[in-house]
Amino acid sequence: MCGIVGYVGARECTEVLLNSLSKLEYRGYDSAGIAVFENGEIKTQKSKGKIADLVAKMDSEGKLMGHCGIGHTRWATHGEPSDINSHPHGNANVTIVHNGIIENYKKIKEFLEKKGYVFESETDTETVAKLLDCFYEGNPIATIQRVLDEVEGSYALGIMFRDYPNRIYAVRKDSPLIVAVGDDEAFIASDVPAVLKYTKKYYLLDQDEIAVLDSGRVEFFDDHGAPIKKQLLVADFDEEAAKKGNYPHYMIKEIHDQPTAIRTTITPRITDGMPDLEECGMTYDRLRDYNNIFVVACGTAMHAGLVGKYVIEKIARISVTVDVASEFRYRDPILTDKDLVILVSQSGETADTLEALRLAKRNGADTLSIVNVKGSSIARESDMVIYTHAGPEISVASTKAYMVQLSVFYLIAFALAYANDKMTAEECRRLTAQLQAVPEQIEEILKTPEDCQYVASQLVNAENLLYIGRGLDYALSMEGSLKLKEISYIHSESYAAGELKHGTISLVTDEMPVIAVATQRDLYDKTISNVKEVKARGAYVVLVTHDSKEVDNDVADCKIGLPTIDDLLMPMTAVVPLQLIAYYTSVLRGNDVDKPRKLAKSVTVE
Ligand code: F6R
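Just add 853 to the spot in the sequence shown (first one is 1) and you have the numbering used here.
Shown next as structure tokens:
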């Protein structure tokens, strides 16, 4: 989604804005722009396309020179990607960048048109810029507050007023924004990686708080305009962690980050070989309290919840319902104070997941979030939070965040099973030790990517693909299928293997490759029967299963073998070849792996 940056200080600000914007490219965007105070005037440069297109424009028109400015990468919502619709928006008096959606922009626009304002763009943002101009009487904070009283929706705003050169005003509601500080310089950004080149120190802006940035000073005001003190935070990762290093893409780097990410996430949550979630409020007493569990999330994070459901239900015997957040919000779910709602989110800012959390709280359920970004909205608003420690995930296609979400679900499942007397301490210790062994197994799998590269070479020209599996393998293949389609643009679906012959098998021909996942030994023979059915209809079959399984040629064209671990934990290792197949297929198709078309990393609008 849109990215916001801002800088005030001694450095040449265009350079800082471009550098910071480039660090937000991963969020997804289709145009970029900046506004800079140049000789006391606000000057704007913007362009449809990539940051490189903006730079090309600067090369021909001349670079804006100054020490205070705001910048933006836009992911179009209202109006097509174009120079005119790109941010910043405003006029000589007030100029803004905006992330979010102004829901009542039509009403505001009508009000402003009656006052004689003429609109250039199709954006909702321009209405906010013009409303600021309309209400401005010399006091920026009072003006911002008056405007915020009128607008409905979500926003993170960076604002510059001509009357206050070398000053940035910032405010947010339901869209992320941080304020970072260095020596005599200050920044705003949608995300910490945007400023790591300059500083690790930052503040989290809360709902409707206003920040005023000057080179030497940052001040904060609450929603009544009273000055407030805020806690200064220090990022626990550096610029290196947000870099590709020697890898050609972030996605492959992040796939390789997975063993470390799991260790960093689970080690502090294991005491004497047993899961220990007390630090986040999940005491064993509390774990005995719940009648039902709901897992609510979007996309890949929801897929982690599907694995969590199988594991929790199997070993803890507590009913788990998994919902897509955008459905959960509107389906009037039945919740009680005996229910636990688990929200899963890498970014912690996904709009639908955040609203689902608020709905769960209004209905009296306990809420627990599994979140990667520290201090994000979902983490801050939920009753309990378990932070995953994946570090920054830059590739739009999520890999390591999914992996650590899985590892947290295993810890929760083991703890629930033990707390509810469904598992002995001995069994709990054994499974926890197996979980601790997963990172080493992934390291082994990553040493020999050749099979996955070969499979990718066989899939590269496919137009359609099926993933099949049963039980945990079905839950996992949903993630495999999403990974492939989002970065290779090959249409793919995931099916419960036993469901194929109820309709979908009619699509299977020699032009429909099938990736079958069969890691659950109790279901192996049944899945293999389904695999034979698709093979008999001409499909090219890839079988992902245990190393130890002998696979005949009449079953599969290619086998990807996995080391042995408890079947319950197989999704953690089996997902790795699925990630690699998606990655190499995308590379072979010449796609922009880390920034797939039309996608945004952090979906902060509904
Ligand atoms: C796919 C992917 C998305 C996200 C989804 C939720 O690779 O990354 O499906 O999982 O948009 O995002 P978060 O986890 O930030 O809530």
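Just so it is clear, CB atoms sit at the ideal spot from N, CA and C, and this is done for glycine as well.
All values derive from a computational prediction rather than experimental measurement.
- Query: Using the beta-carbon count (16 or more within 10 Å), is A1079 buried or exposed?
  - Reply: Taking a 10 Å sphere around the C-beta of A1079, we find fewer than 16 other C-beta atoms and assign the residue as exposed.
- Message: With DSSP as the reference, identify every bridge partner of D1067, one or two as the case may be.
- Response: Its beta-bridge partners are R1070.
- Go through the region 888-951 residue by residue and report every complete run of the beta strand (DSSP E) that reaches 3 residues or more, in order. Here the runs fully enclosed are 894-901 and 921-927.
- Item | Cβ pair M1276, C1133 closer than 8 angstroms | Judged by their CB atoms, M1276 and C1133 are not nearer to each other than the 8 angstroms cut-off.
- Message: Pairs of beta-carbons, one from the region 981-997 and one from the region 938-958, closer than 8 angstroms: are there three or more?
- Response: Segments in contact, yes.
- Query: Under three-state DSSP, which class holds F1262?
  - Reply: Helix.
- Message: I'd like to know if the region 1041-1055 and the region 874-886 are in contact, where contact means that at least 3 CB-CB pairs between them fall below 8 angstroms.
- Response: These segments touch.
- Hey, could you find the ends of the beta strand (DSSP E) L1196 is sitting in? That run of the beta strand (DSSP E) goes D1192 to S1198.
- Query: So, using beta-carbon positions, are T1285 and M1135 closer together than 8 angstroms?
  - Reply: Judged by beta-carbon spacing, M1135 lies beyond the 8 angstroms limit of T1285, meaning their Cβ atoms are not closer than that value.
- Query: So does A1150 have its beta carbon nearer than 7 angstroms to some heavy atom of the ligand F6R?
  - Reply: Yes, the ligand F6R has a heavy atom inside 7 angstroms of this Cβ.
- Residue range of the unbroken alpha helix (DSSP H) whose run includes E1038: In this chain, E1038 is not harboured by any alpha helix (DSSP H); it is covered by the beta strand (DSSP E) spanning E1038 to A1042.
- Item | T996: first and last residue of the uninterrupted alpha helix (DSSP H) it sits in | Its alpha helix (DSSP H) spans residues P993 to E1003.
- Task: Apply the 10 Å Cβ neighbour rule to R927 and answer buried if 16 or more other Cβ atoms are within range, or exposed otherwise.
- Result: The Cβ neighbour count for R927, taken over all protein chains shown within 10 Å, is at least 16; the residue is labelled buried.
- Task: Could you tell me which residues DSSP pairs with A1270 in its beta bridges?
- Result: For A1270, which the question treats as bridged, DSSP gives no partner whatsoever.
- Item | C-alpha gap between K1096 and K1050, whole angstroms | The straight-line gap from Cα to Cα measures roughly 11 angstroms.
- Of the residues S1248, E1246, L1207 and P993, which one's Cα is nearest the Cα of A1232? By alpha-carbon distance to A1232, the top candidate from S1248, E1246, L1207 and P993 is L1207.
- Could you tell me the distance, in whole angstroms, from the CA atom of G1158 to the CA atom of L1259? Approximately 8 angstroms between the Cα atoms of the pair.
- Query: Under 7 angstroms from any heavy atom of the ligand F6R, does the C-beta of S1043 make it?
  - Reply: For the ligand F6R, not one heavy atom lies less than 7 angstroms from the Cβ of S1043.
- Within its chain, find whatever has a CB closer than 7 angstroms to the CB of V1160; leave out the 5 residues flanking it on each side and keep chain order. If we look at V1160 and ignore the five residues flanking it on each side, its Cβ neighbours are L1259, F1262, L1325, A1328, L1329 and P1424.
- By how many angstroms is the C-alpha of A1315 removed from the C-alpha of T1438? Near 10 angstroms, if we compare the C-alpha coordinates of A1315 and T1438.
- From which residue to which residue does the beta strand (DSSP E) around G1414 run? Residues C1411 to L1415.
- Return yes when at least one heavy atom of the ligand F6R lies under 7 angstroms from the C-beta of E1339, else no. Yes, Cβ of E1339 sits closer than 7 angstroms to a heavy atom of the ligand F6R.
- Please determine, among A1435, G969, K1379 and Q1289, the residue with the shortest C-alpha to C-alpha distance to L1335. With distances taken between Cα atoms, L1335 lies closest to A1435.
- Do the region 1207-1224 and the region 1183-1190 meet, that is, are 3 or more Cβ pairs less than 8 angstroms apart? Output reads yes: the region 1183-1190 touches the region 1207-1224.
- Query: What is the DSSP secondary structure of D1027, reduced to helix, strand or coil?
  - Reply: Strand at D1027.
- Task: Give me the Cβ distance between L874 and V858, rounded to the nearest whole Å; I'm assuming they're in contact under 8 angstroms.
- Result: With a Cβ gap of about 6 angstroms, L874 and V858 count as contacting.
- Message: Quick test of your reading: T1241 and M1104, contact by CB under 8 angstroms. State the CB separation rounded to the nearest angstrom.
- Response: About 18 angstroms separates the CB atoms of T1241 and M1104; that is not less than 8 angstroms, and the two are not in contact.
- Message: If I follow the unbroken alpha helix (DSSP H) through H1109, where does it start and stop?
- Response: Start and end: Y1103 to H1109.
- Determine which residues share a DSSP beta bridge with S1229 and list them. Answer by DSSP bridge pairing: none, since S1229 is not bridged.
- Since N872 is in the alpha helix (DSSP H), which residue starts that stretch and which ends it? For N872, the enclosing alpha helix (DSSP H) covers residues C866 to K876.
- Query: Along the chain, where does the alpha helix (DSSP H) that runs through G964 open and close?
  - Reply: Residue identity check: residue 964 is Phe in the sequence provided, not Gly. Its alpha helix (DSSP H) spans residues Y958 to K967.
- Task: Just confirm the distance between the C-beta atoms of G1228 and A1114, as a whole number of angstroms; I'd bet it's less than 8 angstroms.
- Result: Contact flag wrong, Cβ pair sits at about 19 angstroms.
- Comparing the CB of T1153 with every heavy atom of the ligand F6R, is any distance shorter than 7 angstroms? Yes - the ligand F6R has a heavy atom lying nearer than 7 angstroms to the Cβ of T1153.
- Query: Which residues in the same chain have their Cβ closer than 6 angstroms to the Cβ of T1052, if we skip the five residues on either side of it in sequence?
  - Reply: Within the same chain, T1052 has close Cβ partners A1033 and G1035.
- Taking buried to mean at least 16 other C-beta atoms within 10 Å of its own C-beta, is M1155 buried or exposed? Classification for M1155: buried.
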